[in-house]
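Chains as they are written, first to last, in the working numbering: chain A, 1 to 331; chain B, 1 to 410; chain C, 1 to 294. Built from N, CA and C at the ideal position, the CB exists for glycine as well. Remember, predicted model here, so these are calculated numbers, not experimental data. What follows is a single structure, written as structure tokens, with notes after it.
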Amino acid sequence: MMNKILSQKFLLIGIILAALVPLIFDNRFYLNIFILILLFATVANAWNVLGGYGGQLSLGHAIFFGLGAYTSSLLFLKSGLSPWLGLLAAVLVSIIAGIVIGFPTFRLKGPYFTLATIAFGEVIRHIALFWRSLTNGSMGVNIPFEPSFTNMIFKEYETYYWLALILFLISLSFMYWVDRTKVGYYLRAIREDQDSAQTLGINTTKYKMIAMILSAGLAGAAGVLYGQYMLYFEPENIFNLNLSIEFVLIVIVGGIGTIYGPLLGAAIVIPLNEILRSSFPMLNGMNFFIYGIVLILIVAFLPNGLLPFLKDLLKGKLLNRKRVKSKIVED
Amino acid sequence: MKKISSMLLIVVMLFLTACGGGSKGSSGSDDGPIKLGALFPLTGDLALLGEESYRGAELAVEEINANGGINGREVELVKGDAVDPDAAQAEANRLINQENIQSIVGSYSSGIAFAASEVAERNGALYWELGAVADNVTDREYQSILRTNPPASMFSVVHINFIKDVVAAELGKDLSDIKVAIAHEDSSYGTTIADEAEKLAEAEGINVVSIQPYSSTSNDLTSVILNIKKADPDVLIVVSYINDAILISRQMKELNVEVPVFIGSGGGHTMTDFADAVGENSEHILNVDFPQYEINKDATPGMEEFLAAYEEKFGSEPRSGHSLANYMGMKVVLEIIEEADGELDPEKLREVAMNYKVEKNTTATGWGVEFDEVSGQNKLSEPYITQWIDGELITVYPEEVAIEKPKITK
Amino acid sequence: MLLTQTIISGLMIGGIYALISMGLNLILGVVRIINFAHGEYLMIAMYASFLLYSTLGLDPYSSAIIVIILLFLIGLATQKLVIEPILDTPASTKIFVTLGLSIALQNLALMLFNANHRTVHTAYQSKLINIGGITMSLPNIVAFISAIVIAIALYFFLQKTMVGKAIRAVAMQRDAAYLVGINVKRIYILAFGIGTALVGLAGSMLMPIYSVYPTIGTTFVLIAFVVVVLGGMGSMFGAFYGGLFIGVVEALSGLLISPGLKEAIYFIIFILVLLVRPAGIFSRGKGSEEVGLE
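Here is the structure:
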């Protein structure tokens, strides 16, 4: 009980602190990074529901992210629909895509499911490149910079930051919901052993589908905000396999199947990218070379991610201290 | 457990906050070096031409520094690896908001130009495009954008003018009897040039018989080539990066497909690696592209110096004209800054740029400079036509820069 | 005529896909790891072939044996040093280790060789074989024939030799193989080594056809996965037929629909096959579903 109240307090303080970030220091470079961290953490959360809790290793989440961005932006550019309403349409489209992809592929196991999601991503990327009358092809979507509330375009980075924070918190509350209800329990059971879960009477397809709907919808919403923030995207970057990979990477680095792992992962991966890009101006390729090596090391040495590792570290210390204390008392 | 999670969240937030309080760039002062940002794709699929472009900008900066800089201040290029639009966005943010840089040059790729210039527009910085061709980059009429190189629509003007002026006569056909096929890689570079060419060809009454988009990472383009064979064009316009340019030439040979007039559109078709890879198959391939090096040197003063500097620094001849175009563009940027007395204020600089005029045939590319007040596009830059003749890329059109006549065999 | 030429050309490129995919098939089927760095081994093989050509003047075909041995050793080392320590981790971990490897190798190549496209020049390179108006290039035919030879040789190796039987045993039933005294880890190392050695051969065969540059591997890696799954994991002839099938599908859809959609089309076919017959269209066995259970 005590613990719960305490944890809620910490969470509240965390949220307040996070909300105050733009006021504490007014530097757009950092704000941009924070916005990206929150956006990517949101998608990573979304992936985590399906991939982390449900064990469905999707490498196609760029599909939902991209569909979200395309839906709201094209509605805005072609029929003037405000992105705020476009957001609803985008979430809907992403969810439908999630169902369409999930329905047949949930039967597939292990690498087959992963390869199928990669294939779906490639199909959508090539179609988006080809269907120029709809998507403008590789010339991409360019939303004119006309700041206004109805356009969901803002002069100040702060507004985007707060929007991204809100979206992130929404995704976080979904994570809590999944984590603490039978949904998460069943998903974990499916992840551990799908056949046993089925034998126990869990409707595995249903719970995977719930996870997929949640996952796709959240990723789509994040895509909308991404589009409104970047104001430019094209199939090659928004439907890219590398983007799907980055979402998953964030979760893996932070801690797969944990609530705060994705945030921690995003807070590491995105600044790491940033730092590496500017660190080796003399030798092209050194940045990504180191990135690759660091990736191997993190994943190989902390296969469960950083968060569980840190938790163990903290717990171990606390326990040790308690032990020391009790020893002293005994003496 | 949850308590620990929340604590970690706070720790992360505090850590990030602490980072934020840290360093602040300090280039605003008047005595330090003049810092300019440079965004090019230096790794990944676009690395080859991205780096070639960057080399040109780098040489122009070294040249001005060797001559004492601007008002005695050294010029420093702060470069960022903009491998894709996302990286370009992040790097532009870093350069502008962290390094306090007010002018960025770039970028070779239109996607990168779009992403980076959005950041420039939003943050009141100036974005100088020296190499990307999509018309939309300047059509947005942003105050933040100036472009020195010709856009895709200029490429197609040259394509079509060349067909009108030269090809029709050489083939002995009426314009309306000439069949044109277009094959292009499907990123924004190929798509914009192909689109513009198609539009203009139709406006001129030229018959476009086939348009074949393809992915530049494809390992097999036989279907593109056989579709072209089916369409039996007189003129084939191709827009390619390098690996697809090589593949098309090789596979055309393999499949015994020949077209009377093959016009590449820069990118892969003007690169030395292309000529090396396809050997004599490159013979007589025409190219619409930025200026290359076998050209009327009277019309391109300064090119010899560029070539000498390039060879000295990189130990080889330029791999294509991209470095030259970026060198010329960078020199324009530097001269405008010089005219503004080293003042980097974007509004002031744009104003100076608008009054900055250079006659044609007085720069290393032969381009003049006159920026459009509204769009920021340089109106006096244009692509030329070159042709691979005996392994050399000879400029053949238009006449004021040509050193040989185009060789067209029926 | 046009159609015949398209199908023949498709078969030729299919032979190349088959050549690259057979090694991947072995790695995926035995070690059960989605190896995203597979394309980078091809890139390394091509650079090795190029360097032997540019420094020693060795023709890619005659240097093939050196490249194969080199790649075999690199494969052994990769499995021993990189993959073996993470064998017991979740599938996601393994994927990301190979991804990290892929990124690191690509950029290592960029640093060493920069992004230039390197080409070898041989006399036979542009030789064409013309049969009744249908043309094929000599290097493509050589690659095609070596794909057939490799498929047959691998078949006999896996069916008839002790080591080959042990590899198949591990591919089918890892635990049972362990129980009957097979050194599973050693088999993994061997399978990975043979897999990369096959890529070494592929690289040598490809060098007269393509130029090499740091990211060339990425243009082949996804297609190789498609081929392996279509053909049926663990089936060498499956990978061969799968390669030919994709080559022809690619060429025909490019001709009849649009070259801009050919990738989309073979990925759609791939998805359909996965859904209808996950064991692959060219495999009789059910082994691959078991792999799916991992």
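Sequence-distant residues of the same chain with beta carbon closer than 6 Å to residue i, five excluded per side
i	result
asparagine 25 of chain C	Val228, Ala239
glutamate 338 of chain B	Ile70
alanine 82 of chain B	Leu39, Pro41, Ala88, Glu91, Ile112
alanine 171 of chain C	Gly29, Val30, Gly234
isoleucine 389 of chain B	none
methionine 209 of chain A	Gly102
serine 26 of chain B	In this prediction, serine 26 of chain B has a pLDDT of 41, which is less than 50 and means its spatial position is unreliable; what the coordinates show is noted afterwards. Excluding sequence neighbours, serine 26 of chain B sits near nothing in its chain.
Beta-carbon contacts of residue i that lie in its chain and below 8 Å, excluding the five residues immediately before and after
i	result
isoleucine 202 of chain A	Tyr186, Ala189, Ile190
tyrosine 266 of chain C	Ile223, Val226, Ile246, Val249, Glu250, Ser253
Backbone CA spacing between residue i and residue j [nearest angstrom]
i	j	result
phenylalanine 245 of chain C	tryptophan 162 of chain A	52 Å
valine 288 of chain B	proline 150 of chain B	11 Å
leucine 52 of chain C	alanine 64 of chain C	10 Å
isoleucine 248 of chain B	serine 211 of chain C	13 Å
alanine 116 of chain A	alanine 66 of chain B	57 Å
phenylalanine 36 of chain C	lysine 313 of chain B	37 Å
arginine 277 of chain A	isoleucine 290 of chain A	10 Å
tyrosine 356 of chain B	leucine 19 of chain C	59 Å
glycine 261 of chain A	valine 21 of chain A	20 Å
methionine 252 of chain B	leucine 46 of chain B	24 Å
aspartate 232 of chain B	proline 406 of chain B	22 Å
leucine 263 of chain A	methionine 230 of chain A	21 Å
threonine 114 of chain A	valine 199 of chain C	23 Å
phenylalanine 72 of chain C	serine 218 of chain B	27 Å
asparagine 326 of chain B	tyrosine 54 of chain B	7 Å
arginine 32 of chain C	tyrosine 160 of chain A	43 Å
lysine 230 of chain B	serine 73 of chain A	39 Å
alanine 115 of chain B	glycine 37 of chain B	15 Å
glycine 102 of chain A	isoleucine 271 of chain C	12 Å
glycine 72 of chain B	proline 318 of chain B	30 Å
lysine 24 of chain B	glycine 100 of chain C	A caution first: lysine 24 of chain B carries a pLDDT of 40, below 50, which makes its placement in the model unreliable, though a value can still be read off. Each residue's alpha carbon lies about 33 Å from the other.
asparagine 287 of chain A	glutamate 254 of chain B	40 Å
leucine 146 of chain B	alanine 125 of chain B	11 Å
tyrosine 310 of chain B	serine 320 of chain B	12 Å
asparagine 161 of chain B	glutamate 280 of chain B	27 Å
Rounded distance between the beta-carbons of residue j and residue i, thought under 8 Å
i	j	result
threonine 386 of chain B	threonine 395 of chain B	5 Å
serine 54 of chain C	valine 67 of chain C	14 Å between Cβ atoms; not a contact.
alanine 143 of chain C	isoleucine 16 of chain C	5 Å
serine 146 of chain C	methionine 205 of chain C	6 Å
glycine 343 of chain A	tyrosine 30 of chain A	The structure shown does not extend to residue 343 of chain A, since chain A is modelled only from 1 to 331, so the question has no answer here.
valine 261 of chain B	valine 238 of chain B	That pair is no contact at about 11 Å.
aspartate 59 of chain C	threonine 122 of chain C	6 Å
asparagine 207 of chain B	valine 180 of chain B	7 Å
alanine 169 of chain B	valine 105 of chain B	With a Cβ gap of about 41 Å, alanine 169 of chain B and valine 105 of chain B do not count as contacting.
glutamine 106 of chain C	proline 208 of chain C	The Cβ separation is near 23 Å, so there is no contact.
leucine 200 of chain B	valine 157 of chain B	7 Å
methionine 328 of chain B	threonine 148 of chain B	7 Å
Chain-order list of residues whose beta-carbon lies under 7 Å from that of residue i (same chain, five-residue window excluded)
i	result
phenylalanine 274 of chain B	Ile242, Ala245, Ile246, Gly268, Ser282
tyrosine 241 of chain C	Gly231, Phe282
Test: residue i CB closer than 8 Å to a CB of chain E
i	result
serine 188 of chain B	The displayed structure is made up of protein chains A, B and C, and chain E is not among them.
task = Mind checking the region 167-199 of chain C against chain A and listing, in chain order, the residues whose C-beta falls within less than 9 Å of any C-beta there?
result = none
Contact residues within the region 64-98 of chain B, judged by C-beta distance below 7 Å to chain A = Lys79, Gly80, Asp81, Asp84, Pro85, Asp86, Ala87, Gln89, Ala90, Glu91, Asn93, Arg94, Asn97, Gln98
Ranges of the alpha helix (DSSP H) found wholly within the region 320-350 of chain B, counting only runs of at least 4 = 322-339
inquiry  = If the cut-off is 9 Å on Cβ atoms, which residues from the region 109-130 of chain C count as contacting chain B, listed in chain order?
reply    = Leu110, Asn114, Ala115, Asn116, His117, Arg118, Thr119, His121, Gln125, Ser126, Leu128, Asn130
ask   = Just by C-beta distance, which residues in the region 238-265 of chain C are closer than 8 Å to chain B?
value = Gly247, Glu250, Ala251, Leu252, Ser253, Gly254, Leu255, Ser258, Pro259, Gly260, Lys262, Glu263
Contact residues within the region 129-146 of chain C, judged by C-beta distance below 7 Å to chain B = Thr135, Ser137
inquiry  = For the region 275-295 of chain A, list every residue whose C-beta sits within 9 Å of some C-beta in chain C, in sequence order.
reply    = Leu283, Asn284, Gly285, Met286, Asn287, Phe288, Phe289, Ile290, Tyr291, Gly292, Ile293, Val294, Leu295
query = What are the start and end residues of each continuous alpha helix (DSSP H) run of 4 or more residues lying completely inside the region 77-126 of chain C, in chain order?
reply = 91-113
task = Output, in sequence order along the chain, the residues in the region 307-321 of chain B whose CB is closer than 8 Å to any CB in chain A.
result = none
query = In chain order, which alpha helix (DSSP H) runs of at least 4 residues are fully inside the region 156-182 of chain B?
reply = 168-171
task = Identify each residue in the region 203-235 of chain B for which the Cβ-Cβ distance to at least one residue of chain C is less than 8 Å, and report them in chain order.
result = Gln212, Pro213, Tyr214, Ser215, Thr217, Ser218, Asn219, Asp220, Leu221, Thr222, Ser223, Val224, Leu226, Asn227, Lys229, Lys230
message = Short of 7 Å Cβ to Cβ, which residues in the region 38-59 of chain B face chain C?
response = Thr43, Gly44, Asp45, Ala47, Leu48, Glu51
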